[in-house]
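Taken in order, these protein sequences are the chains called P and C.
First residue of the first sequence: 1, per the working numbering; consecutive thereafter.
First residue of the second sequence: 232, per the working numbering; consecutive thereafter.
Ideal Cβ positions, reconstructed from N, Cα and C, are used throughout, including at glycine.
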Amino acid sequence: MFDIYSAYILTNPISSIAVFITILPITLTITRQAFSDKSLRLLFYYLVAKLIIDLTMLHFASNRTNNLILYNLSIPLFYALLGGMFYFQFTGRAQKIFVLTSIIGVSVFSIWDIFNSNENLSDLNEHRLVLYAKTVEGVLMISLILLYFYEIIKSLEIPNLLTFPFFWVCSGLLLYYSSLIFLAPVLHYVYTWDNQTDLGITEVIPSIFETLCAVLFSVGIYNFSPGSYAK
Amino acid sequence: MQNSEELKWALLIASMAMLAMAFCMIAFVTYYQKKRFEEEKRINDIEKNYNRLLLDTALNSEETERRRIAQDLHDDIGTMLSLTKLSLNQLSKLVANSGDEKEESIMKKSQSLVEETILHVRRITRDLVPTTLERFGLMEAIEEFIHKLEEDNNLVIAFQSNTEEFPRQGQKLELTLYRIMQELVNNAIKHASCTKIDIVLEIDEEMIGLRVTDNGVGFDPEKIKESNLAGLGLLGIESRLAIVNGTVQYEQPAKGGSSAIARIPVNPASGNKPEPLHPFRRERVNI
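Structure representation (structure tokens):
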């Protein structure tokens, strides 16, 4: 069993690193006790959910089993957790309503997209990646991040962004979703059993930035201190 | 195959462009935020300095005005009263010669009233301009102030210092401490219904501390701050302290009453002896 996993990890080192690097921000959240902030608590739930899903997907992938249903189902879950962080960060009512509406919208749209992208949903072996939902999630997440950046510039409440944990979290997410946004719709056609298209290095770009994203999360969480964060 | 290659390159370029934009956005936000914060800080500093200058000017004007009034009282009213006293003395001799007891009694009463008025004018003049402070320093000025207060009120005022000879400080600093002490003691007499006031003056290498404690009804400093009840007196104390980078802290001692502690960084007097703050000289005060 261990051989199967190690063989997969050695064949796909970049995407495997992206899976295991998640342990770093999780550990830091626990050691730095970043739970006291609601947004970072949601980030912790996201990281734990991501690690569980990624490990399950790695297990299926190592055993040459179609794991795309997990990827598809993770889209509304991840968006709800990440969008929820912004719900606690925004102070305006309009922004909060926008976050909540977008979470419901993405959930509904993702479920529709799963049905739309898969004619026979019961056939998990031939299950395909969603066509639009990941892109929509990316666009909305980038919009939330830009809106948040606008808010922090406008409010001028954070003296030094480089020591502000949520800025690092936003930067990580912005880079990850920017790397994925053009690739996401193409993956619907690429991740099939009879795929003839080789995307080469382009395919691993999201994994590289997923790793970078986890590193930036870690930097942010490392900068967290309950006392100074409250100020 | 051709299409696959084209797609691969298109995706790579698009992703790279998007990532470049994301990097630029993060860099821009960081840079712009820093710039705006620096700008905001600069404006705040200018505003703070301007306010301090305004406050300083206002207090200088107040001291100048006090001196002018004291001068007018001494030079004009004081002189007139002295002349009146002299005239009354001469008149008194004439009245004594006439032998009319009623006239003599009225004359004595008039003399006594004029003498009393002269004393009042002297007291007001000294209150307006603390000449002892300028000549002998803070400890002597406080002792004189206490002495006068104890004469007029049924109060016990204790004064102690951690040094025998309090080193002379800058003119502005001494005057600030003196005025704050005056304000705190007056507040205690007016509002606290106290019977005892303790004044402690302490100095170390860096700070001068002035503590005024009374055994009166006391007040909750937090409530006063929250409800914006701070009267002109307390605001005046804070304004004076702001000019000399001082702070004030109000406490409620466990045994009752209230306590105020003002702390000001030490600013020893320069080598030149300051011009005495004398009410009889017509000049502008430079504190």
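Using a C-beta to C-beta distance shorter than 7 angstroms, which residues of chain P count as neighbours of residue i?
i	result
isoleucine 439 of chain C	Simply none; closest approach about 30 angstroms.
arginine 273 of chain C	By Cβ distance, chain P contributes nothing, its closest Cβ being about 13 angstroms from arginine 273 of chain C, past 7 angstroms.
serine 246 of chain C	Ser179, Phe182, Leu183, Thr202 and Ile205
In whole angstroms, give me the CA-to-CA distance for residue i and residue j.
i	j	result
alanine 80 of chain P	valine 130 of chain P	17 angstroms
serine 234 of chain P	isoleucine 158 of chain P	Residue numbering for chain P in the displayed model covers 1 to 231; residue 234 of chain P lies beyond these limits and cannot be assessed.
phenylalanine 149 of chain P	glycine 220 of chain P	16 angstroms
asparagine 63 of chain P	aspartate 37 of chain P	39 angstroms
asparagine 517 of chain C	asparagine 291 of chain C	Residue placement at asparagine 517 of chain C is flagged as unreliable, the pLDDT there being 48, under the threshold of 50; a coordinate-derived value is accordingly withheld.
phenylalanine 390 of chain C	serine 424 of chain C	19 angstroms
aspartate 123 of chain P	phenylalanine 60 of chain P	16 angstroms
lysine 272 of chain C	asparagine 476 of chain C	18 angstroms
tyrosine 409 of chain C	leucine 472 of chain C	12 angstroms
isoleucine 14 of chain P	glutamate 119 of chain P	32 angstroms
phenylalanine 164 of chain P	proline 484 of chain C	40 angstroms
proline 76 of chain P	threonine 135 of chain P	12 angstroms
isoleucine 172 of chain P	tyrosine 132 of chain P	Looking at the sequence itself, residue 172 of chain P is glycine, so the reference to isoleucine does not match. Their backbone Cα atoms lie some 22 angstroms apart in a straight line.
serine 225 of chain P	tyrosine 45 of chain P	19 angstroms
serine 470 of chain C	threonine 31 of chain P	46 angstroms
aspartate 3 of chain P	glutamate 203 of chain P	25 angstroms
threonine 65 of chain P	threonine 22 of chain P	23 angstroms
serine 489 of chain C	phenylalanine 450 of chain C	7 angstroms
serine 392 of chain C	valine 169 of chain P	56 angstroms
leucine 508 of chain C	threonine 362 of chain C	Low per-residue confidence applies at leucine 508 of chain C: pLDDT is 45, beneath 50, and the placement is therefore not dependable, though the value from the model is reported in the following sentence. So the two alpha carbons sit approximately 6 angstroms from each other.
tyrosine 222 of chain P	glycine 105 of chain P	33 angstroms
leucine 40 of chain P	valine 260 of chain C	21 angstroms
glutamate 437 of chain C	asparagine 282 of chain C	25 angstroms
isoleucine 430 of chain C	isoleucine 388 of chain C	7 angstroms
Use the C-beta contact count for residue i: other C-beta atoms within 10 angstroms, 16 or more gives buried, fewer gives exposed.
i	result
serine 218 of chain P	buried
glutamate 237 of chain C	exposed
glycine 330 of chain C	exposed
asparagine 320 of chain C	exposed
proline 398 of chain C	exposed
threonine 10 of chain P	At residue 10 of chain P the sequence reads leucine, which differs from the threonine that was named. So leucine 10 of chain P counts as exposed.
tryptophan 240 of chain C	exposed
glycine 92 of chain P	exposed
leucine 317 of chain C	exposed
leucine 121 of chain P	exposed
leucine 350 of chain C	exposed
threonine 356 of chain C	buried
aspartate 54 of chain P	buried
threonine 394 of chain C	exposed
glutamine 33 of chain P	exposed
leucine 432 of chain C	buried
tyrosine 481 of chain C	buried
serine 246 of chain C	buried
tyrosine 87 of chain P	buried
alanine 230 of chain P	Because the pLDDT at alanine 230 of chain P is just 46, under 50, the model does not fix this residue reliably, and the point stays unresolved.
proline 206 of chain P	buried
proline 499 of chain C	exposed
leucine 325 of chain C	exposed
glutamate 414 of chain C	buried
arginine 354 of chain C	exposed
asparagine 67 of chain P	buried
If the cut is a Cβ gap below 7 angstroms, which residues of chain C does residue i touch?
i	result
serine 171 of chain P	Ile257
proline 159 of chain P	Phe268
Using the beta-carbon of each residue, which ones in chain C are nearer than 9 angstroms to residue i?
i	result
isoleucine 201 of chain P	Lys239 and Leu243
leucine 55 of chain P	Ordered by position in chain C, no residue passes the 9 angstroms Cβ test against leucine 55 of chain P, which lies about 26 angstroms from the chain.
leucine 131 of chain P	Under the 9 angstroms cutoff, chain C gives no residues; its nearest Cβ is about 16 angstroms from leucine 131 of chain P.
aspartate 123 of chain P	Neighbours of aspartate 123 of chain P on chain C: none; closest Cβ ~27 angstroms, over 9 angstroms.
The ligand ADP and residue i: does the residue's C-beta get closer than 7 angstroms to at least one heavy atom of that ligand?
i	result
leucine 216 of chain P	Looking at this structure, you won't find the ligand ADP or any other ligand, since it has none at all.
Listing by chain order, which chain C residues have their CB less than 8 angstroms from the CB of residue i?
i	result
aspartate 198 of chain P	Ser235 and Lys239
phenylalanine 98 of chain P	Ordered by position in chain C, no residue passes the 8 angstroms Cβ test against phenylalanine 98 of chain P, which lies about 20 angstroms from the chain.
phenylalanine 149 of chain P	Met256 and Val260
leucine 256 of chain P	Here chain P comprises residues numbered 1 to 231, so residue 256 of chain P is not present and cannot be evaluated.
Quick one: list the residues of chain P neighbouring residue i, beta-carbon separation under 8 angstroms, in chain order.
i	result
tyrosine 263 of chain C	Ile153
methionine 412 of chain C	Residues of chain P passing the Cβ test: none, with the nearest at roughly 35 angstroms.
Is it true that the region 66 to 81 of chain P meets the region 101 to 117 of chain P, where meeting means three or more beta-carbon pairs spaced less than 8 angstroms apart? Pairwise C-beta distances place the region 66 to 81 of chain P in contact with the region 101 to 117 of chain P, as three or more of them are shorter than 8 angstroms.
Are three or more beta carbon pairs between the region 183 to 197 of chain P and the region 290 to 306 of chain C nearer than 8 angstroms? No, the region 183 to 197 of chain P is not in contact with the region 290 to 306 of chain C.
If the cut-off is 7 angstroms on Cβ atoms, which residues from the region 180 to 196 of chain P count as contacting chain C, listed in chain order? For the region 180 to 196 of chain P, which is checked against every Cβ of chain C, the residues closer than 7 angstroms are Ile181, Phe182, Leu183 and Val186.
When the Cβ atoms of the region 162 to 177 of chain P are set against those of the region 207 to 225 of chain P, are three or more pairs found closer than 8 angstroms? Segments in contact, yes.
For the pair the region 414 to 429 of chain C and the region 438 to 448 of chain C, tell me if three or more CB-CB distances fall below 8 angstroms. Short answer: they touch.
Are at least three pairs of beta-carbons, each pair with one atom in the region 151 to 171 of chain P and one in the region 179 to 191 of chain P, less than 8 angstroms apart? The region 179 to 191 of chain P and the region 151 to 171 of chain P do not touch, with fewer than three beta-carbon pairs separated by less than 8 angstroms.
Do the region 247 to 258 of chain C and the region 44 to 60 of chain P make contact, defined as three or more Cβ pairs closer than 8 angstroms? No: the two stretches stay apart, fewer than three of their Cβ pairs being nearer than 8 angstroms.
Does the pairing of the region 359 to 379 of chain C with the region 333 to 344 of chain C give three or more beta-carbon distances under 8 angstroms? Taking a contact to require three or more Cβ pairs closer than 8 angstroms, the region 359 to 379 of chain C and the region 333 to 344 of chain C do not qualify as touching.
Any residues in the region 201 to 226 of chain P with a beta carbon nearer than 8 angstroms to a beta carbon of chain C? Which ones, in chain order? Of all residues in the region 201 to 226 of chain P, the ones placed with a Cβ closer than 8 angstroms to any Cβ belonging to chain C are Ile201, Thr202, Ile205 and Phe209, in chain order.
Contacting positions in the region 371 to 398 of chain C - beta carbon closer than 8 angstroms to chain P: Going along the region 371 to 398 of chain C in chain order, one finds no residue with a Cβ nearer than 8 angstroms to chain P.
Selection of the region 463 to 488 of chain C by Cβ proximity to chain P, strictly under 7 angstroms: Those would be none; no residue qualifies.
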